[in-house]
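Start counting at 1 in the sequence shown, then tack on 2, and there's your number in our numbering. Don't be surprised by glycine CBs; every beta carbon is placed ideally from N, CA and C.
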Amino acid sequence: MTKAEDKEIGRRVALFARAADLFDRLAVFLPLAIAFLNGWPTEVKSYQELVVSGAWKGFLSCALYQLAAFALKRAVEFAKSDLAP
């Protein structure tokens with residue numbers, strides 16, 4: 003691999019790392035914003051209301067976005083370790 007290709011790959015990994023950091027910081031807010039825009043309930047008084055109203059989808063979405071953020075950070079770590087001499 004030439005130095006130019008190595009530099010380009012390093013630049014792309016750094017850009018991917020910045021995007022992964024932003025996603026990690028803002029990931030929880032995306033499903034919450036979608037929930038508020040769709041008019042999902044913002045207050046749950048009992049478990050039955052949680053199940054019937056569909057508010058559980060908001061909680062599940064937050065958890066899935068956090069897992070996706072974790073996976074992105076791990077992918078960046080693996081990419082950086084593969085590039086290390």
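(message) Less than 7 Å between C-beta atoms, sequence neighbours within five positions excluded: which residues of the same chain meet that for residue 75?
(response) Excluding residues within five positions, the ones whose Cβ falls inside 7 Å are 22 and 26.
(request) Indicate whether residue 29 and residue 57 have their beta-carbon atoms separated by less than 8 Å. (result) no
(message) Just to confirm before moving on: does the CB-CB distance between residue 32 and residue 67 stay below 8 Å?
(response) yes
(message) Less than 8 Å between the C-beta atoms of residue 64 and residue 34, yes or no?
(response) yes
(message) Starting from residue 83, trace the alpha helix (DSSP H) in both directions and tell me its first and last residue.
(response) Start and end: 58-85.
(request) Following the continuous alpha helix (DSSP H) through residue 29, name the residue where it begins and the one where it ends. (result) Here residue 29 belongs to no alpha helix (DSSP H), and DSSP marks it neither H nor E.
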